[in-house]
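A.B. asks: Structure below; questions to follow.
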Amino acid sequence: MSAPATASTAMEPRVLINYYIRKGWYDHVQRLCEGILDKKGNDPVITFWRCFGIVMEGSNSSAIRELESLKKKKEVELPCIHALIYAHNKCKNVDHEEIAQLEMQVVIAEESAGDTAQLLSANFFWHIKEYPKARKILENLMGGRIAAATPVQVKATILRGWIDLTAEPKTKRDLELRDNSLSFFADVKRYSPQLNSIIIPIEYRASFVMTSFYLILPSANDPEQLMGVAKYFDIKRAYPKSLECYDEVCPEALSEKALVLLKTGEWDQCVDSAERALANSSDGLGGCSELMKALLSTEPSNPQLFYDIGRCIARISDRNHEVLSCNLCFIDQAIKLSSENGTFRAERGYQRSLMGDFAEAIESYKDALKLDESNESALHGLIYCQVKLGQVDDAAQQMEFLSVIQESIGNASADFVLLQAMLSWHKDGDRAKQVKFLQKAVQCHMDKLKDVMQTGDVSTYDMMSLLNPQFLVEIATEYIKLDGIDDGKSMASRGVSILEKLVNKSPGFIEAQVVLANTKFCANEFDDAYRVCNLILKMNPLHAQAHLLVARVSLEREHFKAASTSLDQALSHDFSVRQSPSFHIIKAKLLENDGNLKEALAILQNAMKAPTATVAAAVKGKRPAATADMTLFDKASIYIQMATVQAQLNNVGEATRLELVRLNPTADALVRLAEAYLRIQQLNDAIESYRSALVLSPHDASLASRIGHILVKKHDYISAIEYYETALRAAPDQTPLRRDLASLLTKLSHFDQALRVVNAAPAAPARTEIKDMQDDIELQLILPDIYNGLDRKDECVTRLLKVIALQKVVLDKLRDEQPDEIHRQTHHLANTNFKLAQIYAEQNDAYDISHVVTH
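Given below as structure tokens:
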């Protein structure tokens with residue numbers, strides 16, 4: 001909505017006052033009322049709402065004085081007395097005798113109160129969340145919804161709809177009231193001559209209006225009614241209907257429309273609506289680019305609003321240092337206005353920790369704990385920072401104290417469980433416990449989010465604050481670090497699943513994209529890693545880490561010139577990347593390619609001696625911006641590269657040393673060692689390393705597949721076939737293994753055996769995951785080659801048609817879930833159609849050829 005001065009010309013004050021109060025913009029309420037009073041003179045109702053705004057800003061004494069004077073006017077006596085009771089109860093020193101006197105005055109005032117005073121009282125109770133009292137008054141005014149129509153009853157009916165719609169549902173009855181709230185907005189048609197000819201039984205009204213809400217729109221001349229309908233459809237996630245209602249209200253609803261568009265993911269339209277709202281009112285709180293300036297001029301005494309805005313921005317900041325530095329001014333202003341509020345100081349600590357300034361964050365958390373030693377957020381943050389700084393013993397002591405508090409509270413929060421996971425590893429070295437706590441942390445976080453979403457009435461700002469993408473990225477990162485450790489179960493896949501869901505819904509979170517790209521790279525999914533990096537660089541061409549990863553992918557593809565260019569770009573954007581493991585790996589590889597082997601070896605040896613970012617953080621109290629902890633993958637990559645360089649220097653003993661496995665005998669380490677052997681063409685040793693990894697990770701089909709590939713590379717086809725068959729007997733549901741065996745048999749022209757392998761696949765329910773469906777397609781694509789070898793053309797055509805149908809299903813799913821993959825899958829579909837067209841061409845079937853070509 002726009003600023004009061006502009007909006008008041010388009011809407012009656014009641015609508016804007018209610019809107020501003022729902023938003024918590026109490027200074028807006030006062031300024032709107034003051035503007036009206038300056039133009040129209042004394043108006044008791046407007047004066048009452050100005051006093052209400054003063055009360056909600058905490059100036060209780062001033063509000064009480066004005067309300068005492070105002071209650072002498074009969075038309076507002078009853079709501080003024082209710083407001084006085086509320087204001088007295090908010091005072092630091094409550095005057096109970098005065099409250100008792102006021103409660104006696106309520107009884108007297110109720111007997112003589114007119115409809116306007118009662119409606120104003122109900123409206124007041126709505127805004128202070130006294131819903132039962134508001135409903136009771138409105139039931140009397142509405143006359144059981146069958147009394148004669150009056151303007152007051154119209155407003156009472158609309159207000160009742162708003163109350164049922166916005167009351168927090170705590171019981172099943174509350175949910176039923178919310179679901180039926182639309183019927184109150186629909187009931188207004190009884191007071192509109194244009195709709196008198198339409199009769200809908202009251203018992204069917206809510207469901208009828210839900211599906212045919214246009215009944216309201218042609219005759220609705222009350223913006224409060226239309227905004228109520230729009231809010232209803234927003235809560236019910238019927239966003240197109242909500243948008244149509246906002247279009248009917250007036251231009252001042254543009255900012256609300258932008259928020260609905262934000263929920264639908266219509267980014268361009270959202271920006272357009274926000275810019276139009278800003279153009280309508282340069283002082284508008286909903287779209288002003290100079291947000292702090294707007295807040296200081298429109299809501300200067302509203303610490304909660306400064307906090308809410310700063311909190312949301314921090315959660316969607318993507319850890320951007322400049323954004324967070326600027327955003328701290330909102331929290332600092334909230335602290336300035338309410339210096340005794342520990343929640344605000346804890347939030348300041350959290351934002352400092354997002355910036356990597358753990359020492360400063362600890363000071364803010366300690367300030368919060370001085371005000372309230374049981375402040376849960378401050379305790380969580382303090383322990384988190386201590387763990388990050390390597391102060392594990394101190395963190396463990398604090399955790400003991402926090403555990404006592406947690407027991408008294410009951411259900412553990414996701415933040416608390418994440419701390420348990422971190423300490424399980426950093427203090428106890430217990431990976432199993434860490435995994436258990438990580439799973440619980442995700443569950444707690446999503447359960448809380450689900451509970452809030454089920455209430456329906458939650459703003460986009462609140463939703464993003466609760467979602468807290470940074471928290472999910474942290475959990476995903478912890479999972480990814482566990483890859484290859486938990487008895488063969490791929491922890492990385494859980495982390496990747498979290499990240500993919502996050503970036504699918506919110507692709508603008510670059511930090512999540514970076515972690516996802518690194519994970520894809522570590523899994524040798526270079527095309528996917530490159531694709532994600534390109535998305536990052538489209539959003540931020542100056543992102544140094546993305547340029548580094550592009551360089552590493554280019555090296556894997558042996559595109560050395562491209563790798564050198566990407567490395568130079570990374571350095572030009574952020575010189576501190578020279579401290580990162582990736583820089584050393586890339587630089588050494590480029591030197592190796594140029595024949596500078598000794599320089600390459602020196603760089604790799606220095607990389608192994610460099611302190612990790614965790615050590616640097618412990619020394620300086622903050623994490624360097626462009627550095628990262630040296631992961632197991634980075635360390636293994638450096639060892640592999642050192643082995644390659646040593647081999648070229650004829651230091652074979654050094655090249656094949658087993659120190660990495662000795663230091664960390666995990667499946668992941670053995671895989672890296674096997675890759676090192678492959679690079680120096682010691683295939684038998686590579687097979688043995690993969691087999692050792694398979695013992696630690698028996699359910700990892702990719703390991704068995706790699707062993708088979710090496711045997712094929714050695715041209716030991718008999719051993720490869722025997723190996724695949726043995727592996728399949730142990731894991732018959734592993735489609736990739738079955739595909740590899742069938743493909744090998746087909747290439748060897750053993751078509752009958754290949755057909756038996758494919759047909760022996762165990763029957764399973766239809767799989768809906770894209771990856772599973774793609775595996776099935778790859779297996780099915782072998783069948784046409786088999787049938788072609790057996791000269792069974794008809795069956796070949798039938799199989800290709802089935803594959804095409806399945807590929808189209810995958811393509812449709814990709815449009816919804818992974819739109820960036822569409823080009824690649826379209827290419828695969830085109831290839832399949834081409835194979836089919838070739839068969840039709842051999843059969844001289846012109847019609848079928850033309851039909852296939854159109855696909």
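Residue numbering for the sequence shown follows full-length UniProt numbering, beginning at 1 and increasing consecutively. Don't be surprised by glycine CBs; every beta carbon is placed ideally from N, CA and C.
1. Looking only at C-alpha atoms, which of 270, 32, 755, 330 sits nearest to residue 291?
2. Comparing C-alpha positions only, which one of 371, 584, 368, 389 sits nearest to residue 923?
3. What residues in its chain sit with their C-beta under 8 Å from that of residue 17, if we drop five residues either side in the sequence?
4. Could you tell me whether the region 307-317 touches the region 331-351, where touching means 3 or more Cβ pairs closer than 8 Å?
5. Buried or exposed, going by whether 16 or more other CB atoms sit within 10 Å of the CB of residue 454?
6. Should residue 380 be labelled buried (16 or more other beta-carbon atoms within 10 Å of its own) or exposed?
7. Taking residue 376 as part of the alpha helix (DSSP H), name the residues at either end of that continuous run.
8. Reducing DSSP to helix, strand and coil, say where residue 428 ends up.
9. Taking just the CA atoms, how far does residue 446 sit from residue 66?
10. Less than 8 Å between the C-beta atoms of residue 544 and residue 529, yes or no?
11. Distance, Cα to Cα, residue 146 vs residue 71?
12. Where does residue 412 sit, in a helix, a strand or coil, going by DSSP?
13. Leaving out the 5 sequence neighbours to the left and right, which residues in its chain are closer than 7 Å to residue 163 when beta-carbon positions are compared?
14. Could you compute how far the alpha carbon of residue 836 sits from the alpha carbon of residue 829?
15. Looking only at its own chain, which residues have a Cβ that is under 8 Å from the Cβ of residue 606, when we skip the five neighbours before and after it?
16. In its own chain, which residues sit with a C-beta less than 7 Å from the C-beta of residue 539, not counting the 5 before and 5 after it?
17. Excluding the 5 residues flanking residue 414 on each side, which residues of the same chain have their C-beta closer than 6 Å to its C-beta?
18. Would you decide whether residue 20 is buried or exposed? Buried here means 16 or more other CB atoms lie within 10 Å of its CB.
19. Between the Cα of residue 338 and the Cα atoms of 317, 699, 302, 326, which residue gives the shortest distance?
20. Flag this pair as yes or no: are the beta carbons of residue 722 and residue 741 separated by less than 8 Å?
21. Taking a contact to mean a Cβ-Cβ separation below 8 Å, would you say residue 245 touches residue 226 in this structure?
22. Could you give the C-beta distance for residue 582 and residue 548, rounded to a whole number, given that I count them as a contact under 8 Å?
23. Please report the residue range of the alpha helix (DSSP H) in which residue 320 lies.
24. If we count the other Cβ atoms within 10 Å of its Cβ and call it buried at 16 or more, is residue 477 buried or exposed?
25. Measuring straight from C-alpha to C-alpha, what distance separates residue 838 and residue 738?
26. Considering only C-alpha positions, which residue in the set 394, 408, 83, 185 is nearest to residue 102?
27. DSSP state of residue 843, grouped into three classes?
28. Which residues in the same chain as residue 532 place their Cβ atom closer than 6 Å to its Cβ, once the five residues preceding and following it in sequence are excluded?
29. Less than 8 Å separating the beta-carbons of residue 915 and residue 57?
30. So, are the CB atoms of residue 39 and residue 60 less than 8 Å apart?
31. For residue 671, which option in 648, 649, 650, 695 has the closest C-alpha, if you only look at C-alpha atoms?
32. Measure the alpha-carbon distance for residue 834 versus residue 482 and round it to whole angstroms.
33. With the cut-off set at 8 Å, would you say residue 779 and residue 735 are in Cβ contact?
34. Count the other CB atoms, across all protein chains shown, that sit within 10 Å of the CB of residue 809; report buried if there are 16 or more and exposed otherwise.
C.D. replies: In this structure, then:
1. 330
2. Because the chain in this structure spans residues 1 to 855, residue 923 falls outside the shown range and cannot be described.
3. 29, 32, 33, 49
4. yes
5. exposed
6. buried
7. 376-388
8. coil
9. 47 Å
10. no
11. Annotation note: pLDDT 48 at residue 146 (below 50); position unreliable, coordinate value reported separately. Roughly 32 Å between the two C-alpha positions.
12. coil
13. 126, 131, 134, 135
14. 11 Å
15. 584
16. 508, 510
17. 441, 444, 445
18. buried
19. 302
20. no
21. yes
22. 5 Å
23. Neither: residue 320 is in no alpha helix (DSSP H) and is coded neither H nor E.
24. buried
25. 27 Å
26. 83
27. coil
28. 513, 516, 517
29. Only positions 1 to 855 of the chain appear in the structure, and residue 915 is not among them; the question remains open.
30. no
31. 695
32. 43 Å
33. yes
34. exposed
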